[in-house]
Structures are given as structure tokens and as C-alpha cells.
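In order, the protein sequence lines correspond to chains A and B. Reminder that position 12 of the first sequence reads as 140 in the working numbering, one-by-one numbering, no gaps. Reminder that position 108 of the second sequence reads as 183 in the working numbering, one-by-one numbering, no gaps. C-beta: ideal position from N, C-alpha, C; glycine also.
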Amino acid sequence: MSSEALVAAFTLLAFGIIVAGVAFGSAVGDGIVASKAVEAISRQPEARPNIMTFMFLGVGVLEAFPIIGLGLAFYMLLVVANVPAMLAKMAGH
Amino acid sequence: MNEKLGEHTLWHLPVLGAVHADTIVTTWIVMALALAFFAWIGASYRSAYQTKRQIVVEGVVNYIADLATSTLGPRGEPFVPFFIALFVFIFLLNQFGVLPFKALGLPFGGSPTADLNTTVPLALLVFFMTWIVGFRYNGIKQFAHLAKPNPLLLPFNLLDELVRPVTLAARLFFNIFVGELLFIIVASIVVAHVMIGPVNLSLAVTIVPFFIQFFNFFVGTVQAFVFTLLAIVYLSLAIGESH
């Protein structure tokens, strides 16, 4: 196996791990926020607009970190180790 | 496929060298649109009747004004126009990327907030505004709250202050940028004619870009709101009565 193939393989592996962690963490976090919001609304239905505002605020603040992780993963995949170009070069010969 | 992704990455990368002309031109266009829009709204106040557009705009303005005054107290009233301008400007910058001017070959288009050169100055604006306003309200005591619970916590408080503009800028930038990147990646799958066995994957994901654009609209609105609200919270930490 050439060193380029190793770099491409490990970059793709790291990309997969990052995406898995990002999806897992943000899904769990958003689920907690949404379930607490539903609980709060069912306990106090008249405070619904206020609760929805703060739910969206919390989701917006929380969602930044998985998005930043995903952005850095894409930066690694497409810029640091340009995997599409690497794969096209390997398929060429 | 590679060409399109590479073009997008290169369009973003030369941060060190040349000025991003498309970002600047798009920001100017958005500024002109916002000014024209509010001039149009303001002109409708000459008649005695309340129009529908007044009600819509007053809803947004009242919402942010209530948020600012309830968080900041009476001290926050002079800053309400700033927060309204911040929200409307970031919202328009985020949503301008939906229009495909860049794909038509025009020198502008795309969201200017998908560029760190736009989000870092906005975050620095909020950072310096909170410090200068806090200094004007509290004088030299503004720096005393860095060592508030205990002077040993000074480095951590300093780090907390300095990390705020970084996260503020990175949050807005990455949300908008990754939204555009996801759109381009799915679009490149659509044009690449990927076949997985008998299934035409490209045909199957043709509908996905519409959902991604809908998601981007939602994210752009929420992030503009989050930016404004965090600016309000940071200002309230600087000049709030609790200090």
C-alpha cells in the first residue's frame, strides 16, 4: 500500500469518526433540550412562547459546536489532505 | 465534482492575500437593500393608517426591544436600535446566500457570513462595544470585576472574556459555511450520476437540496437571533445591576 493510499484511508477513517461523534453528541444534546422543553410546556402551557424561545436559543448555541467540528472535519478532508484529488490520482494509474 | 468543491474551497481560502471582493460587494448590496427596505417602511408612517408591513416589522422590533430591556433593564434602552440593526443585518446577510447569483457568473452572491472576514469584525464590534460601554458606565471599576470572586481567578476570567468574540465569530461562520458546503456536496452527488447497483443514487437525492435550503433558512434565522441575544447577554454582564 502506498503512503498516499494510507493517508487517504486514515483521513476518511478520521472523517467518519468525527461525523459519528458529532451526530451522536448533537442528537443526544438536542434530544435532552427538546424533551425538557416538552416537559416544561406540559407543566406550564401558558409559558409556551417563552419556553420555545429559550429552546431555540439553547439549540442554536449548542448546535454551533457540532457544526464547528463538522467544518474542521471537512477542512481536513478537502483542504489539508485533498482526498478527492488523491483518490482520482490513484484511480488514474 | 472535484472541480466544484475545489473551486468553493479556493474561493474561501485566500484569507491571507487578496481581499474577498465578492464578500464586500455582497455586503454592500445587502446594506443598500436594508436601507431601502427601512426607508420604505419609514415612509409608510406618513399616512395615518397602519399597514400590514408596519405590523410585521413592529413585531420583530418589539420582540428584540422587549428582550433587550427585560435583560438590561432601563440602562439598555439606548442600545435597542443597535441590537435591532444587528439582528436585521445578520439575518439579511445569512439569507442572501439562497439567491444563486454566483452560479449565474455574477461577481457577487453567497452569504457574506460564510466568510470569517465578515463574522470576526461583527464579533469584535460586540466585544469592544461591551467594554467601552461598561467603562463609560462603571469607570475604572469595570476592570475590577475581572478579579471579582477571588484575585486568583483573574486568568480564567480574562480567558472567558477573550474567548467570547472567538466563539461568537466561529459559531456564526461555521453554521453558515457548513450549510453552503453541505448544499454543494449534495449537489455534486446529484450531478455525478452515482449508481449503487441498480439504484440511481443521484436521482434519489435530487430532492435533498430543497430540504437543505430550508434547513439553511432556519439555521440562518436562529443564528442571527443567537448572535443578537448573546450580544445582549454580554452587554448585560458588563453593565448589569448585579455587578
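Interface positions of the region 153 to 185 of chain A facing chain B (Cβ-Cβ less than 8 Å), listed along the chain: Phe-184, Leu-185
What does Leu-140/A touch in chain B if you count any residue whose Cβ is under 9 Å from its own? Correct list: empty, because the minimum Cβ distance to chain B is about 14 Å.
Glu-82/B: buried (16+ other C-beta within 10 angstroms of its C-beta) or exposed? For Glu-82/B, the predicted model reports a pLDDT of 41, less than 50, meaning its position is unreliable and no value from the coordinates is stated.
Tell me the DSSP secondary structure of Asn-225/B in three-state form. coil
What residues match up with Val-187/A in a beta bridge as DSSP calls it? In DSSP, Val-187/A forms no bridge with anything.
Collapsed DSSP secondary structure at Thr-84/B in the structure displayed: With a pLDDT of 41 at Thr-84/B, under the threshold of 50, the predicted position of this residue should be treated as unreliable, though the coordinate-derived value follows. DSSP places Thr-84/B in helix when its eight states are reduced to three.
Specify, as a first and last residue, the run of the alpha helix (DSSP H) that Lys-127/B falls within. 127 to 147
Going along the region 219 to 251 of chain B in order, which residues come within less than 9 Å of chain A, judged by CB to CB distance? Thr-242, Ala-245, Arg-246, Leu-247, Phe-248, Phe-249, Asn-250
Give me the Cα-Cα distance between Met-270/B and Phe-143/A, rounded to the nearest whole angstrom. 23 Å
Going along chain B in order, which residues have a C-beta closer than 8 Å to the C-beta of Phe-202/A? Val-253, Leu-256
For Thr-139/A, the first and last residue of its enclosing alpha helix (DSSP H): 131 to 171
Does the region 263 to 283 of chain B come into contact with the region 106 to 113 of chain B, if we say contact requires no fewer than three beta-carbon pairs (one atom in each stretch) closer than 8 Å? no
Using a Cβ-Cβ distance cut-off of 9 Å, determine whether Glu-82/B contacts chain A. Interpretation of Glu-82/B is limited by its pLDDT of 41, a score under 50 that renders its predicted location unreliable; the figure taken from the coordinates is listed afterwards. Judged by the 9 Å Cβ criterion, Glu-82/B is not in contact with chain A.
DSSP bridge partner residues for Val-253/B (one or two, in chain order): In the DSSP output, where bridge partners are listed per residue, Val-253/B has none listed.
Distance, Cα to Cα, Ser-172/B vs Thr-102/B? The question names Ser, but residue 172/B in the sequence shown is Gly. For Gly-172/B and Thr-102/B, the distance between alpha carbons rounds to 11 Å.
Rounded to whole angstroms, what's the CA-CA distance from Leu-237/B to Ser-186/B? Just pull it up for me. 26 Å
What are the boundary residues of the alpha helix (DSSP H) that includes Asp-97/B? 96 to 118
With distances taken from CA atoms, which of Ala-216/A, Ala-201/A, Leu-205/A, Leu-185/A is nearest Gly-149/A? Ala-201/A
Run through DSSP, which three-state label would Val-274/B get? strand
Return helix, strand or coil for Asn-210/A, following the three-state DSSP convention. coil
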